[in-house]
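So the sequence shown is residues 1 to 244, counted in full-length UniProt numbering. The beta carbon of each residue, even a glycine, is placed where N, CA and C say it ideally should be. Keep in mind it's a predicted model, so treat the numbers as computed, not measured. What follows is a single structure, written as structure tokens, with notes after it.
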Amino acid sequence: MSRRALTKGSMPLARAFAPRAATVQSPLVLFTSTPPPSFRAQHLHRLDASAPRRAFFSLPDLPSPPQTLTATRILPYSSADLYTLVSDVDAYSKFVPYCSQSRVTKWSDPDPSRPDSPKSPIQADLRVGWGGFEETFTSRLRCVPGQSVEALSGADALDPSASREQIKDAGGAVFKSLVTKWQIRPVDSANNQTRVDLVIRFQFANPLYAAVSAAVSEKVAGVMIEAFEKRARSILGTPKSALK
Numbered sequence: 001m002s003r004r005a006l007t008k009g010s011m012p013l014a015r016a017f018a019p020r021a022a023t024v025q026s027p028l029v030l031f032t033s034t035p036p037p038s039f040r041a042q043h044l045h046r047l048d049a050s051a052p053r054r055a056f057f058s059l060p061d062l063p064s065p066p067q068t069l070t071a072t073r074i075l076p077y078s079s080a081d082l083y084t085l086v087s088d089v090d091a092y093s094k095f096v097p098y099c100s101q102s103r104v105t106k107w108s109d110p111d112p113s114r115p116d117s118p119k120s121p122i123q124a125d126l127r128v129g130w131g132g133f134e135e136t137f138t139s140r141l142r143c144v145p146g147q148s149v150e151a152l153s154g155a156d157a158l159d160p161s162a163s164r165e166q167i168k169d170a171g172g173a174v175f176k177s178l179v180t181k182w183q184i185r186p187v188d189s190a191n192n193q194t195r196v197d198l199v200i201r202f203q204f205a206n207p208l209y210a211a212v213s214a215a216v217s218e219k220v221a222g223v224m225i226e227a228f229e230k231r232a233r234s235i236l237g238t239p240k241s242a243l244k
């Protein structure tokens, strides 16, 4: 049989039975599995621009609801002595749980009418957190001598006239806001009985942090005020009433 007899019409049999390139049905055009480079780039670019993108794992961009924790103690010390301990913000990292760093960066100006009056801290860098999450804040401090010390961090540290954008950007990665307030009230001055109230208001920047630290958050205020009581005993000594 001659070589020419192995043809089918004008097409060689080898070519007639050769495997064909696979085809892919596209909503835009029918093309072979290896289209020209220029068309392939154009088509993929169109698909990439129109297809929605979704991250493999992402956190919802919504803060958790605000939370408030409270604790109270009646301590056998004078309100003046307890206020001195509470206003010693530089020492917080030594005895306050969940505060790993504390440094006062700004003090109030002395009162012209009372040259001997002590200065009060009005700003501090505090590193705080619990449940495995920590954050450093430049906190604004409000001190009422003999009565209260309040540390405002995050969005709460801003001036009341701050814009929405400033408030939005003020929150940290972990806490959107964090306010800690110690309040000192004498209940029986004759016997050095003073009430200490601790109020913590905070809002996590993400619900995930709130869920992970929920078990710890409930105990934070109680642990902190217990540590403050131990600090008072360490610095001020055993009260006379306890020696009787």
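Do you know how far the Cα of residue j is from the Cα of residue i?
| i | j | result |
| --- | --- | --- |
| residue 107 | residue 83 | 17 Å |
| residue 154 | residue 210 | 17 Å |
| residue 129 | residue 135 | 6 Å |
| residue 329 | residue 204 | Outside the modelled stretch of the chain, which goes from 1 to 244, sits residue 329, for which no answer is possible. |
| residue 110 | residue 224 | 31 Å |
| residue 186 | residue 72 | 13 Å |
| residue 93 | residue 236 | 19 Å |
| residue 125 | residue 189 | 34 Å |
| residue 137 | residue 115 | 31 Å |
| residue 89 | residue 102 | 7 Å |
| residue 173 | residue 152 | 16 Å |
| residue 141 | residue 202 | 16 Å |
| residue 95 | residue 218 | 19 Å |
| residue 77 | residue 144 | 18 Å |
| residue 216 | residue 67 | 13 Å |
| residue 233 | residue 194 | 14 Å |
| residue 302 | residue 181 | Only positions 1 to 244 of the chain appear in this structure, which leaves residue 302 out of reach. |
| residue 230 | residue 85 | 11 Å |
| residue 99 | residue 133 | 11 Å |
| residue 80 | residue 178 | 26 Å |
| residue 206 | residue 214 | 13 Å |
| residue 239 | residue 208 | 44 Å |
| residue 149 | residue 113 | 22 Å |
| residue 197 | residue 123 | 22 Å |
| residue 87 | residue 184 | 11 Å |
| residue 175 | residue 220 | 15 Å |
| residue 120 | residue 69 | 26 Å |
Look up residue i in the DSSP assignment and give the residues it is bridged to.
| i | result |
| --- | --- |
| residue 69 | 200 |
Can you tell me which of the three DSSP states residue i falls into?
| i | result |
| --- | --- |
| residue 234 | helix |
| residue 37 | Annotation note: pLDDT 47 at residue 37 (below 50); position unreliable, coordinate value reported separately. DSSP places residue 37 in helix when its eight states are reduced to three. |
| residue 21 | Because the pLDDT of residue 21 is 47, which lies under 50, any placement of that residue in the model is unreliable, and the number read from its coordinates should be weighed accordingly. Coil at residue 21, not helix or strand. |
| residue 239 | coil |
So does residue i have its beta carbon nearer than 8 Å to some heavy atom of the ligand NAD?
| i | result |
| --- | --- |
| residue 118 | Ligands in the displayed structure: none, and consequently the ligand NAD is not present. |
**Study point:** Ordered list of beta strand (DSSP E) runs contained in the UniProt domain "Coenzyme Q-binding protein COQ10 START" (75-229), each at least 3 residues
**Key:** 99-107, 121-130, 133-144, 148-154, 175-188, 193-204
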